Amino acid sequence: MRVLHFYKTYLPDSMGGIEQVIFQMSESGARHGVDSTVLTLSNNPAPGVLQIREHQVHQARMDFQLASTGFSYSVFKQFRELAAEADVVNYHFPWPFMDLVHFVSDIKKPSVVSYHSDIIRQRHLLKLYRPLMRRFLDSADRIAVASPNYFHTSDVLKDYHDKTRVITYGLDKSGYPTQDAARTERWRQKLGDKFFLFVGVMRYYKGLHILLEAMQGLNYPVVIVGAGPLEAELHAQARALGLRNLHFLGFLGDEDKVALLELSYAVVFPSHLRSEAFGISLLEGAMYGKPMISSEIGTGTSYINIHNETGLVVPPSNPSAFREAMRTLWENPVLAAQMGEKAQARYQNLFTADEMGRKWAALYEELLEEKALAYA
């Protein structure tokens, strides 16, 4: 079974959350009989086909960007050619230009839309885009969303209840670097072995300003791994607040990230807006058996982290509530350890890449069977 994934960015150019999801879908799908190809845009496209482990990647030249949406003239031809060879086309939403490519190409193949997020920030553009978006979602055979939480709180998806399926994102721990005792010990010497950890890009919806405010009056060490648009602003906020036990480590490779996950006491995830549709780094915390603190924003974060079971969930944009949650975990190590164990068990039961691959393969088969019946 051949599946074409279509999204605006992908490996090796970009390694964000959606890119990680497409990678895990492609790799886990291979174990369930799914042959995946990814079509994406690039500022500097490779001259030929890229092979990334078990799947192929085709890059079309990105000619320009408008409102975070990449556009390409050459991708129309590539999409038609690759879609013609595929059994199923898997679109990754949101990307308005993708909708246009879909309709212009007029490919009559079974299609599924991976609905990663509502459009949150660009509300003024949404008014212009909404008619095309509705027509695009209407045309899809299935829509898949990563958590029941997001399904039930999305104003868009409520109109597509019958054809929407929940398939959670999954991670493959065996694909992560193995623990390096020497590397872990180096970090222990630098940071100690009891600290709160945040991993992620410093974007507007990550709520890191809330975490920094929550640290006032506490002396618990907090480690922040990642870089991004708000980096300078957050450093300035930390200085203004006089935070002494805060460690900005910048971007780190997977080997160091794994060492810090292994070493950390708990994972903090203060995202306060629905732009945080799931939380891959939160799931990584669960995978490594860490208790978590997150905010209730009606998305997948509260499907990963269950309040008073795998960690603590607090109201969004509430530094005092986040501070109390940090204090609760810090002062109750037995409770924290129990929550970490339950977090890891929840990952094993619901969020493995293999389980995700199995569910996607079943959905693709369902679409192909429907097509076969339609022609019977």
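5 is the number of the first residue of the sequence shown in the numbering used here; add one for each residue after it.
Cβ atoms here follow ideal geometry from the backbone N, Cα and C, with glycine treated the same way.
All values derive from a computational prediction rather than experimental measurement.
How far does the alpha helix (DSSP H) with residue i in it extend, from its first residue to its last?
i, result
"SER285", "284 to 291"
"ALA150", "Segment: none, ALA150 is in no alpha helix (DSSP H) and carries neither H nor E."
"VAL338", "337 to 354"
"PHE140", "127 to 143"
"VAL203", "First-last for VAL203: 200 to 203, but that is the beta strand (DSSP E), not the alpha helix (DSSP H)."
"ASP258", "258 to 267"
"THR188", "185 to 195"
"LEU161", "Run containing LEU161: none; DSSP gives neither H nor E here."
"LEU245", "235 to 245"
Go through its chain and collect everything with a Cβ distance to residue i's Cβ below 6 angstroms, but skip five positions before and after it.
i, result
"MET291", "LEU175, LYS177, TYR351"
"LEU256", "VAL229"
"ILE36", "Looking at the sequence provided, one finds His at residue 36 rather than Ile. GLY361, ARG362, ALA365, listed in sequence order."
"LYS452", "Any property of residue 452 remains undetermined from this structure, which presents the chain solely from 5 to 380."
"GLN60", "THR41, VAL53"
"ILE111", "ALA87"
"HIS251", "VAL227"
Return the chain-ordered list of same chain residues with a C-beta closer than 7 angstroms to the C-beta of residue i, the five sequence neighbours on each side being excluded.
i, result
"TYR224", "PHE200, ASN249, MET330, TRP334"
"LEU130", "ILE123"
"LEU264", "TRP191, LEU201, VAL227, VAL229"
"SER109", "PHE80, PHE83, ARG84, ALA87"
State the beta-bridge partners of residue i as determined by DSSP.
i, result
"ALA218", "Beta-bridge pairing links ALA218 to no other residue."
"ASP39", "ARG6"
"VAL93", "LEU8, SER115"
"GLN69", "GLY74"
"GLN55", "GLN60"
"LEU175", "THR356"
I think residue i touches residue j, with their Cβ atoms under 8 angstroms apart; what is that distance to the nearest whole Å?
i, j, result
"MET206", "GLY230", "6 angstroms"
"ALA150", "TYR173", "5 angstroms"
"GLU286", "THR305", "Going by the sequence as given, residue 286 is Leu instead of Glu. The Cβ separation is near 6 angstroms, so the contact holds."
"GLU280", "TYR208", "Going by Cβ atoms, the distance from GLU280 to TYR208 rounds to 10 angstroms, so no, they are not a contact pair."
"VAL272", "SER299", "With a Cβ gap of about 10 angstroms, VAL272 and SER299 do not count as contacting."
"LYS294", "ALA347", "6 angstroms"
Does residue i come out as helix, strand or coil in the three-state DSSP assignment?
i, result
"TYR120", "It is His, not Tyr, that sits at residue 120 in the sequence shown. Correct three-state label for HIS120: coil."
"ALA376", "helix"
"MET19", "coil"
"SER306", "helix"
"ARG169", "strand"
"MET102", "helix"
"SER46", "strand"
"GLY315", "strand"
"PHE252", "strand"
"GLU280", "coil"
"MET330", "helix"
"TYR180", "coil"
"PRO323", "helix"
"GLY33", "helix"
"GLY211", "coil"
"GLY361", "helix"
"THR368", "Looking at the sequence shown, residue 368 is not Thr but Tyr. In this structure, TYR368 counts as helix in the three-state DSSP scheme."
I'd like to know whether the C-beta of residue i is nearer than 8 angstroms to at least one C-beta of chain D.
i, result
"ASP163", "Structure shown: chain D not included; a single protein chain is present."
Can you determine whether any heavy atom of the ligand COA sits closer than 7 angstroms to the C-beta of residue i, and answer yes or no?
i, result
"ARG278", "The ligand COA is absent from the structure shown, which contains no ligand whatsoever."
Using a Cβ-Cβ cutoff of less than 8 angstroms, which residues in the same chain neighbour residue i once the five nearest sequence positions on both sides are dropped?
i, result
"VAL116", "VAL92, VAL93, ASN94, TYR95, ALA144, ASP145, ARG146, ILE147, ALA148, LEU367, TYR368, LEU371"
"GLN126", "ALA71, SER72"
"LEU104", "LEU136"
"HIS62", "THR41, VAL42, LEU43, THR44, VAL53, LEU54, GLN82, LEU86"
"GLY196", "PRO225"
"GLN69", "PHE75"
Give the range of the beta strand (DSSP E) segment to which residue i is assigned.
i, result
"SER298", "296 to 299"
"ALA270", "270 to 273"
"VAL229", "226 to 229"
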